[in-house]
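Written below as structure tokens is the structure these notes are about.
Numbering (full-length UniProt numbering), first residue to last: 1 to 290.
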């Protein structure tokens, strides 16, 4: 019995050590980025790799936020994330709910059609031509409308709805509830875990998206935050000068790049812990039927 207990403690100790090392390996890059963003140029030149700065300065953040361009990019990204996520949830809900009803005429055809879009896409050029024909080029809506519904997340939400007891909906209908009231008063309160999960997927996707902006946005004043970050990290001076004028002569370019990374990732890092508890639960509930 003592041998088993000793072995168990050894296994737990090894697990704790390995997980601690893994957590440290994930934490060090974030600590490095944060440290370099507040470290003076002289210390970076003297020490090279800086994990814990001996001196701090926020001049890199001042250079990024001194004008309105970076703040404007922030506003555009917040608008895309908030409005885009709300529209994503609305259209995903209104599509997933009827598809979860087995008596829906043509249900299998629509499900097959959605599955087909997950396996095959029209391609970049046809999508660009569609966006152009709709007059959405250089518009913030070009970053929202083309990706209004994700086929994968739609099927996850549909799977969750199918697990809800049908008796609840039948009881609400007998009480005189219409479909709109049934969705608002019955379906939504029962589906908060899956809504939190789907919202997190959509929000993170909007916040991190930059390739659509590369295709559809030509005006630097309409660039989202991630596209600005991309140009700063690539050192594209013709675009970067729009956002950090004369920064190369005053602040270490590496500090500016790291400060831009911190600015763009901080909101998601602050929000994620509050939604994390719904994340795994919602995916499992929506993908396993039983």
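Every residue, glycine too, gets a C-beta built ideally from N, C-alpha and C. On a predicted model such as this, the values are computed, not experimentally measured, just so you know.
In the three-state scheme derived from DSSP, where H, G and I count as helix and E and B as strand, residue 172 is classed as helix. Between residue 258 and residue 33, the C-beta spacing is below 7 Å. Listed in chain order, the non-local C-beta contacts of residue 50 below 8 Å within the same chain comprise 32, 35, 36, 39, 43, 44, local neighbours out to five positions each way being set aside.
Judged by DSSP in its simplified three-state form, residue 97 adopts helix. With fewer than 16 other Cβ atoms inside 10 Å of its own Cβ, residue 56 counts as exposed. Assigned with DSSP and collapsed to three states, residue 149 falls in coil, not helix or strand. The DSSP-derived three-state label of residue 209 is coil.
Nearest neighbour of residue 60 by Cα position, chosen from 261, 267, 265, turns out to be 261.
Distance from the CA atom of residue 272 to the CA atom of residue 101, rounded to whole angstroms, is 32 Å.
DSSP places residue 91 within a helical segment (H, G or I) once states are collapsed to three. Taking a C-beta distance under 7 Å as the contact criterion, residue 85 and residue 202 qualify as a contact pair.
Taking a C-beta distance under 7 Å as the contact criterion, residue 219 and residue 143 do not qualify as a contact pair. Taking C-beta atoms as the reference points, residue 80 and residue 206 count as a pair closer than 7 Å. Residue range 225 to 234 is occupied by the alpha helix (DSSP H) that includes residue 226. Residues 128, 131, 136, 137, 138, 139, 142, 143 of the same chain have their beta carbon placed closer than 8 Å to that of residue 216, with the five preceding and five following residues left out of the count. Look at residue 55 here: in three-state DSSP terms it is coil, with no helix or strand label. Pairing residue 154 with residue 95 gives a Cβ-Cβ distance under 7 Å. Straight-line measurement puts the Cα of residue 195 at about 26 Å from the Cα of residue 121.
In this structure, residue 225 lies near residue 73, with their beta-carbon atoms less than 7 Å apart.
When DSSP states are grouped into helix, strand and coil, residue 177 belongs to the coil group. In this structure, residue 91 lies near residue 148, with their beta-carbon atoms less than 7 Å apart. Across the structure, residue 232 and residue 253 are spaced so that their CA atoms are roughly 9 Å apart. Distance from residue 152 to residue 118 at the Cβ level is roughly 6 Å; contact confirmed, criterion being Cβ atoms closer than 8 Å. Closest by C-alpha distance to residue 167, out of 150, 182, 210, is 182. With contacts defined as CB atoms closer than 7 Å, residue 158 and residue 87 fail to qualify as a contacting pair.
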